[in-house]
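If you count the sequence shown from 1, position 143 lands on 376 in the numbering used here, and the numbers rise without skipping. Just so it is clear, CB atoms sit at the ideal spot from N, CA and C, and this is done for glycine as well. Since we're looking at a predicted model, the values are computed, not measured. For reference, the structure is listed below as structure tokens.
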Amino acid sequence: METVSFTQMKDGTKEEYLFLNKHEEAFAKGLPDRILHALKQLENTLSGYQVSRLEHSLQSATRAEADGADDELVVAALVHDLGDDLAPHNHAQFAAAILRPYVRPEVTWIINQHGLFQNVYYAHHLDGDPNERDYLKDHPWYQSCVDFCEKWDQASFDPDYPTKPLSHFEPLVRRIFTRPAFDPKYVGNQTMGKSAVDIAMSGQENA
234 METVSFTQMK DGTKEEYLFL NKHEEAFAKG LPDRILHALK QLENTLSGYQ
284 VSRLEHSLQS ATRAEADGAD DELVVAALVH DLGDDLAPHN HAQFAAAILR
334 PYVRPEVTWI INQHGLFQNV YYAHHLDGDP NERDYLKDHP WYQSCVDFCE
384 KWDQASFDPD YPTKPLSHFE PLVRRIFTRP AFDPKYVGNQ TMGKSAVDIA
434 MSGQENA
């Protein structure tokens with residue numbers, strides 16, 4: 234079989250979906266390469282700062298690593314602005330969606346909320362509410378997101394900071410993004426939004 238025969242998904246057979254699943258699995262193995270490529274593209278995006286968006290991302294990850302953050306937080310710091318090109322108005326949610334199948338829920342939550350939490354530094358200059366994040370103060374990961382933004386994100390626009398290159402973080406990217414998707418060992422029992430392909434690739438039978 235080179236291609237499936239159906240033109241509507243509802244007409245597909247089990248044999249065809251098993252065939253497609255093999256293609257999905259093979260494609261997913263290339264995710265680290267695509268993430269590394271996307272990070273490199275940040276070198277030429279969002280002008281006006283003293284550093285490129287790639288340099289900001291690398292500096293955030295370098296600071297996280299220097300502070301003794303675990304691998305999941307370091308890679309999260311590296312990819313937290315990966316959505317700037319394709320999702321400029323919800324880049325945080327874009328990055329969180331990429332991370333979600335591979336890291337613990339706390340890390341996904343931090344990245345999902347970091348855009349909102351960053352507002353505290355500048356929203357008042359743009360007639361916005363810098364304290365909008367306050368409605369989340371009782372959330373158990375509120376302080377973790379505050380720390381992420383204060384120590385690593387908002388501080389990483391310094392052209393003189395000794396930032397490590399992308400090659401330094403490449404092994405980490407490959408290690409995290411080749412984990413089995415939605416493996417409970419890493420993500421707990423997250424199941425919402427998983428497709429049958431996600432389930433098959435994670436080795437789980439029930440969503």
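- The stretch 410–423 makes no contact with the stretch 283–292; the number of CB pairs closer than 8 Å stays below 3.
- Under the three-state reduction of DSSP, F381 is assigned to helix.
- Contact check for W385 against I343 fails: the beta carbons are separated by 8 Å or more.
- Taking a contact as a CB-CB distance under 8 Å, the pair E298 and R337 does not count as one, their CB atoms being some 18 Å apart.
- L315 and K273 have their C-alpha atoms roughly 10 Å apart.
- Three or more beta-carbon pairs drawn from the stretch 392–411 and the stretch 287–296 are found closer than 8 Å, and the two stretches are therefore classed as touching.
- Residue burial annotation: E288 is buried, with at least 16 other C-beta atoms found within 10 angstroms of its C-beta.
- Rounded to the nearest angstrom, the Cβ distance from R366 to P265 is 32 Å, too far for a contact under 8 Å.
- Less than 8 Å divides the Cβ of L332 from the Cβ of A309.
- If the five residues before and after H357 are omitted, its C-beta is found closer than 8 Å to the C-beta atoms of P363, all from its own chain and listed in chain order.
- Nearest C-alpha to H322 among L279, Y354 and T240: L279.
- Q274 carries a helical assignment under DSSP once its states are collapsed to helix, strand and coil.
- DSSP places R412 in no alpha helix (DSSP H); its state is neither H nor E.
- If one requires a minimum length of 4 residues, the alpha helix (DSSP H) runs lying completely within the stretch 236–308 are 247–261, 264–274 and 286–299, in chain order.
- Excluding five sequence positions before and after P392, the CB atoms of its chain that fall closer than 7 Å to its own CB belong to Q283 and V284, given in chain order.
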